[in-house]
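Working notes, structure below.
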Amino acid sequence: MATLIVFEGIDGSGKTTQGKLLSENLKSLGLKVQLSSEPTDGPVGTLIKQKILREGSISLPLSNALLFAADRALHLKDINLTEKNFIYILDRYFYSSLAYQGACGVPLSYIEFINSFAPKPDLVFLLDIDPAIGLSRLKQFDKFENLSYLNKVRKLYLYLANKYNMIVFDATEKSEVLAKKIFDVVKKKLGINCK
Ligand code: TYD
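For the sequence shown, full-length UniProt numbering begins at 1 and goes up steadily by one.
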């Protein structure tokens with residue numbers, strides 16, 4: 001079976017950087033890795049990026065939750081969990097919908113329901129950061145990035161971390177230090193003992 005590893009966190013938490021570093025580290029061990037992110041560059045993901053994130057011209061939390069779930073269903077077509085010795089790294093997954101659309105008032109049980117097609121990952125890393133620090137690291141802001149909203153999203157993420165057994169790391173740590181800690185957890189999970 002393939003291994004599914006997810007990175008979650010608010011904007012500016014460095015999950016994209018950590019996803020890339022983990023991918024490089026695993027490849028250096030000769031493993032097969034595919035790194036992808038949500039929203040995707042597929043038809044629904046492209047619509048989301050333009051209409052929800054850039055223009056804000058679709059702004060109903062319920063329809064956002066449904067669109068992100070539709071994009072995820074298409075994303076999962078590219079993921080074959082029966083493949084042996086393959087590692088999929090996802091930069092955001094259904095936990096993002098729970099945290100972001102949940103923070104807009106869509107009931108968590110409903111978001112869980114519309115994402116029930118999505119397989120549970122083997123590992124979920126939550127990179128936790130104060131939104132004020134996270135935002136200061138970003139070059140560009142989109143529609144979902146304002147401080148009070150992101151504080152709500154962060155709180156929900158920490159609640160979800162407990163519920164879904166996520167591994168929480170302090171995202172203010174130096175990225176190389178954090179990358180090593182993450183790599184160590186993944187190696188342990190994969191049963192790899194080499195240094
Ligand atoms: P992000 O990872 O920040 O992409 P980029 O680094 O290219 O800006 O994701 C884009 C935004 O989409 C982010 O603010 C969180 C939001 N989002 C949701 O609200 N729900 C979801 O289910 C997903 C996957 C993302």
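Idealized CB from N, CA, C, for every residue including glycine.
TODO: Kindly examine ligand 1 and report whether one of its heavy atoms sits closer than 6 Å to the Cβ of Asp-11.
DONE: yes
Open item on the list: Short of 8 Å in beta carbon distance, which residues of its chain neighbour Arg-137, apart from the five on each side in sequence? Order them along the chain.
Closed with: Gly-12 and Gly-14
TODO: Decide yes or no for the touch test of the region 48 to 66 against the region 108 to 115: beta carbon pairs closer than 8 Å, at least 3 of them.
DONE: yes
Open item on the list: Given 6 Å as the limit, tell me if Glu-38 has its C-beta closer than that to any heavy atom belonging to ligand 1.
Closed with: yes
Open item on the list: Quick check on the DSSP output: what are the complete alpha helix (DSSP H) runs of length 4 or more inside the region 11 to 89, in order along the chain?
Closed with: Every alpha helix (DSSP H) of 4 residues or more that sits fully in the region 11 to 89 is shown, in chain order, as 15 to 27, 43 to 47 and 61 to 76.
Task: Buried versus exposed, by CB contacts within 10 Å (16 or more), Val-177 - done: exposed
Open item on the list: Could you compute how far the alpha carbon of Ser-23 sits from the alpha carbon of Leu-29?
Closed with: 10 Å
- [ ] Could you tell me which uninterrupted alpha helix (DSSP H) segments, each at least 4 residues in length, are contained entirely in the region 129 to 185, listed from first to last along the chain?
- [x] 131 to 136 and 147 to 163
- [ ] Could you tell me whether the region 32 to 48 touches the region 144 to 164, where touching means 3 or more Cβ pairs closer than 8 Å?
- [x] Contact between the region 32 to 48 and the region 144 to 164 is not established, with fewer than three Cβ pairs separated by less than 8 Å.
Task: Closest residue to Met-166 among Lys-180, Phe-86, Asn-193 and Leu-123 (Cα-Cα distance) - done: Leu-123
Open item on the list: Report the CB separation of Lys-32 from Phe-86 in whole angstroms; it is logged as a contact under 8 Å.
Closed with: 5 Å
Task: Residue environment, Ile-52, which counts as buried when at least 16 other CB atoms sit within 10 Å - done: So Ile-52 ends up on the buried side.
Open item on the list: Could you check whether the Cβ of Tyr-110 sits closer than 6 Å to any heavy atom belonging to ligand 1?
Closed with: no
Task: Residue environment, Pro-121, which counts as buried when at least 16 other CB atoms sit within 10 Å - done: buried
- [ ] Please go through the same chain and pick out, in chain order, the residues whose beta-carbon is closer than 7 Å to the beta-carbon of residue 223, but skip the five residues on each side of it.
- [x] Since the first and last residues shown for the chain are 1 and 195, residue 223 lies out of range.
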